[in-house]
Amino acid sequence: MSKKKTGKIGVLLVNLGTPDTPSTPDVRKYLREFLLDPRVIDINPVGRFALVNGVIAPFRAPKSAKVYQQLWTDRGSPLMYHGRDLQAKLQTSLGADYHVAFGMRYQSPSIKSALDELRDKSVSRIIVVPLFPQYASATTGSVQDKIMEIVKDWWIIPSINFISTYCDDPGFINAFAELGKKYMAEDNYDHVVFSYHGVPERQILKGSDKGYCKLGSCCNSYNKRNRYCYRASCFETSRLLAAELGLKEDQYTVAFQSRLGKDPWLQPYTDEVLKTMPAKGIKKVLAFSPAFVADCLETTIEVGEEFREEFEHAGGEKWVLVESLNSSDTWVEALKNMVLEN
232 MSKKKTGKIG VLLVNLGTPD TPSTPDVRKY LREFLLDPRV IDINPVGRFA
282 LVNGVIAPFR APKSAKVYQQ LWTDRGSPLM YHGRDLQAKL QTSLGADYHV
332 AFGMRYQSPS IKSALDELRD KSVSRIIVVP LFPQYASATT GSVQDKIMEI
382 VKDWWIIPSI NFISTYCDDP GFINAFAELG KKYMAEDNYD HVVFSYHGVP
432 ERQILKGSDK GYCKLGSCCN SYNKRNRYCY RASCFETSRL LAAELGLKED
482 QYTVAFQSRL GKDPWLQPYT DEVLKTMPAK GIKKVLAFSP AFVADCLETT
532 IEVGEEFREE FEHAGGEKWV LVESLNSSDT WVEALKNMVL EN
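Residue numbers for the sequence shown follow the numbering used here, beginning at 232 and rising by one.
Dropping the structure here:
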């Protein structure tokens, strides 16, 4: 009996986004699209429009453009070329029965262009992998929202499966631990910092399961009630990574970076924590950014350079950033297994 042909399976990798160039106009365009997303700045629409177009985009774009110029390479934006490299390697690993597309939530290549690519290939179904290990409404939730907005206009909508969180996936943990162990074998560090991108506390509370979240000890375990809590996910990733690296509880710190505005964001803040460490005898720190699977401005510049300067200014001797997973073979294998399991 002949086997029924069902068509290729589509895999859609999605990351946040990047300006097309590091010029001020392109950075301003990117910031506007990004920050006008109601899942990113979740305030009154009129207030959000005024804040982004009247304050943030005009004044932040020139400063951000200078930082992007430091980050840019001959291949362009790291977030872009790492994404393309990952797409190509995952395609090779999965083989001809799959078609892997890559899109950005903001700017180019758009999610729409990636979905159109999969539709043109007549895929039988689509597996969506947002490149954010820990679920947050402002990242994974926004990607899912955008995809559903696009496909609602398709006459035929194939089965779509979202891999919404993989903060505790063994392959993901192993891929980051593998990188960290190389640094730990080369030097003895006094402490490890796991620095995650922050979100406003109000966003965590809004997504809490019937008031379960208290922004405290509720994150001491990872369970069905806080599975989609960003804060709980970050602590779970840290616990698993620490265990894989052989760290005791007092040998690592979980902190949050990149806050914006006056409202409280997730704490403790990385930039404040690191300044207190040298006085406690912590002079050599190994830093991870486990919320980012590809190097970008928030890893290379913020954690790798700005935090190092602040740490050294406070009396520290050595601050080293472990690079992101990018397109490492171990990460590709982890992604492949996630796709096959779904």
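Don't be surprised by glycine CBs; every beta carbon is placed ideally from N, CA and C.
Judged by their CB atoms, L362 and V245 are nearer to each other than the 8 Å cut-off. For P293 and S368, the gap between their C-alpha atoms comes out near 28 Å. Boundaries of the alpha helix (DSSP H) around K377: S373 to V382. Listed in chain order, the non-local C-beta contacts of G334 below 7 Å within the same chain comprise L243, V245, P340, S341, I342, S344 and A345, local neighbours out to five positions each way being set aside. Unbroken beta strand (DSSP E) stretches of 3 residues or longer found wholly inside the region 369 to 446: 390 to 393 and 422 to 428, given in chain order.
Assignment of I342 by DSSP, reduced to helix, strand and coil, places it in the helix class. Residue state for K515 is assigned as strand, using DSSP reduced to three classes. Here A473 is not near Y459, since their CB atoms are 8 Å or more apart. DSSP places A486 inside the beta strand (DSSP E), whose first and last residues are Y483 to Q488. One thing to note: F466 has its Cβ within 8 Å of the Cβ of C450. Taking C-beta atoms as the reference points, L476 and A408 count as a pair closer than 8 Å. By the Cβ neighbour-count rule, G285 is exposed, with fewer than 16 other Cβ atoms within 10 Å of its own.
Taking C-beta atoms under 8 Å as the contact rule, V258 and F265 fail to qualify, at a distance of about 10 Å. Inclusion of E432 and P499 in the CB contact set at 8 Å is not warranted, their separation being larger than that value. Assigned with DSSP and collapsed to three states, R350 falls in helix.
Between the alpha carbons of F425 and G326 lies a distance of about 35 Å. Shortest Cα-Cα distance from S295 to any of S559, N568 and I532 involves I532.
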